[in-house]
Amino acid sequence: MKKGNNNIITRFIKGIVIGAVMLVPGASGGTMAIILGIYDDLIHSLSTLSRKPKKNIFFLGTFTLAALLGIILFSRPMLAAVTHWRNPMMFLFMGAILGSIPPLYRKVKVSSIKLINIVVACFGAFIGIMTMYLPADVFQLSMQFNLYSISMLILSGVIIAVALVLPGISASYILLMLGMYNVTLMAIKDLNMYYLLPLTAGVLGGTLLTAGILEKAMKRHPQFTYMLIIGFMLGSLVQIFPGIPSEKEILYCVITFFIGFAAIFWLGRRRQY
Numbered sequence: 001m002k003k004g005n006n007n008i009i010t011r012f013i014k015g016i017v018i019g020a021v022m023l024v025p026g027a028s029g030g031t032m033a034i035i036l037g038i039y040d041d042l043i044h045s046l047s048t049l050s051r052k053p054k055k056n057i058f059f060l061g062t063f064t065l066a067a068l069l070g071i072i073l074f075s076r077p078m079l080a081a082v083t084h085w086r087n088p089m090m091f092l093f094m095g096a097i098l099g100s101i102p103p104l105y106r107k108v109k110v111s112s113i114k115l116i117n118i119v120v121a122c123f124g125a126f127i128g129i130m131t132m133y134l135p136a137d138v139f140q141l142s143m144q145f146n147l148y149s150i151s152m153l154i155l156s157g158v159i160i161a162v163a164l165v166l167p168g169i170s171a172s173y174i175l176l177m178l179g180m181y182n183v184t185l186m187a188i189k190d191l192n193m194y195y196l197l198p199l200t201a202g203v204l205g206g207t208l209l210t211a212g213i214l215e216k217a218m219k220r221h222p223q224f225t226y227m228l229i230i231g232f233m234l235g236s237l238v239q240i241f242p243g244i245p246s247e248k249e250i251l252y253c254v255i256t257f258f259i260g261f262a263a264i265f266w267l268g269r270r271r272q273y
C-alpha cells in the first residue's frame, strides 16, 4: 500500500477517535487532536483553506467525515463506558493528556525552562480551569426565528468554534455556559435548520478565524503559543479529574492512567523519528 493511502487511513482513524470522545463530558477535541498528532495539520489546513482549497478541502473533508462517523458509531459506547467505569476512564484520559505533553514541549525547543514560559503555561491552565466556573445560561436562546436569535446563534457559533479549536476547553461546557446544550440537541434531533444553519455558519467562520490567528501565532511566537497550549491541556486535567478513587477502583485507575500515558508517550516518540 502506498504511503499516501496509509496517511489517509491513519487520518481517518484519528478522526473517528476524536469524534468518539468529543461528547465525553470535559473532553476537548483540540486536546485529542494534539494527543493523536494531527492538531498542527488541522490548524494549517484551516488557515490556508483559501490559498490551497483543493488539497485542504480533501484533508478537512476526510477528517470531518471520520469525526462524524466516530460520533455516530462510538459516542454512545464511549459515554456508556464513562458512565459505568467513570474513574478508570477519566484516569485513562488524564494519562493520555500528560503523555502528550513531553512531545509537545519538545516543539518549544528551549534549552532550559524560563520563568516567562512557566507564567504563560500557568495562564493557559488558569483559563482552562476558569471555563468550569463561568455562569450558566448566558444567552437563553429559544427556537424563535428573528433577527436577534439569528445574531445570537452566529455569535454563539463563533464562541463554540474557539472551544473546538483551542485544546483543553470543552465545547460541551461552553454549550452549557451559553444555555444552549439542551436546545441544540433538540434542534439536531428535529433537524431545525432555522436554528442549525446560523449556528453552523458561526462555527465555520469562528473556526477559520481562530485557526488563522493560531497558525500565525505558532509561526511568529512558537514558544509562547505552545506553552499556552500546554497550559490549556494542564487546565483540562482539573476539568476531567473525577476525584480520589475508592479502594476498589484505585488499582484500575492506576493501570488505566499508565496505559494512557505510556501509549501516547510512545506514539509521540515514534513521530519524532
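Numbering follows my numbering, in which position 167 of the sequence shown is assigned residue number 167; successive positions increment by one, without gaps.
No residue lacks a Cβ here, since even glycine has one placed at the ideal position from N, Cα and C.
These numbers were taken from a predicted model, which means no experiment stands behind them.
When you compare the CB positions of residue i and residue j, do they come within less than 8 Å of one another, or not?
i    : j    : result
G70  : I18  : yes
G235 : F126 : yes
P88  : Y252 : yes
I169 : T210 : no
F59  : S45  : yes
I174 : I160 : yes
L164 : A171 : yes
M90  : I240 : yes
I154 : A201 : yes
I43  : L214 : yes
L92  : T256 : yes
S156 : L199 : yes
V238 : I116 : no
In the DSSP assignment, the alpha helix (DSSP H) including residue i goes from what residue to what residue?
i    : result
M193 : M193 to R220
F91  : R86 to V108
L42  : Y39 to S47
F170 : Reading the sequence as shown, one finds Ser at residue 170 and not Phe. Run containing S170: none; DSSP gives neither H nor E here.
Y315 : A query on residue 315 cannot be resolved here, the shown segment of the chain reaching from 1 to 273 and no further.
I244 : Unbroken run through I244: none, as it is neither H nor E.
Beta-carbon within less than 6 Å of residue i's beta-carbon, same chain only, minus the 5 sequence neighbours each way: which residues are those?
i   : result
A96 : I35, G260 and I264
T10 : none
Whose C-beta lies closer than 8 Å to the C-beta of residue i among residues of the same chain, with five residues either side of it excluded?
i    : result
F123 : L228 and G231
L73  : I16 and A20
Y226 : L104, Y105, K107, V108 and M218
K216 : S47
I101 : I230, M233 and L234
M94  : L237, I240, F241, F257 and G260
Who are the Cβ neighbours of residue i in its own chain at under 7 Å, not counting the five residues just before and after it?
i    : result
N5   : Confidence in N5 is poor, its pLDDT being 47 and thus under 50, which makes the residue's placement unreliable; the coordinate value appears in the next sentence. Nothing listed; no residue qualifies.
T12  : Note that residue 12 is Phe in the sequence shown, not Thr. Here the set comprises T62 and A66.
K14  : L36 and I38
V158 : G202, G205 and G206
L68  : G19
Between the options, which has its C-alpha nearest residue i's C-alpha?
i    : options                   : result
I118 : L197, Q223, D40 and G212  : Q223
S246 : D41, R86 and T48          : R86
V120 : L267, M233, N192 and W266 : M233
W266 : L98, R76, K54 and D41     : L98
P242 : I57, T83 and P53          : T83
Contact defined as beta carbons within less than 8 Å: I believe residue i pairs with residue j. What is the distance between those atoms, to the nearest angstrom?
i    : j    : result
G206 : V162 : 6 Å
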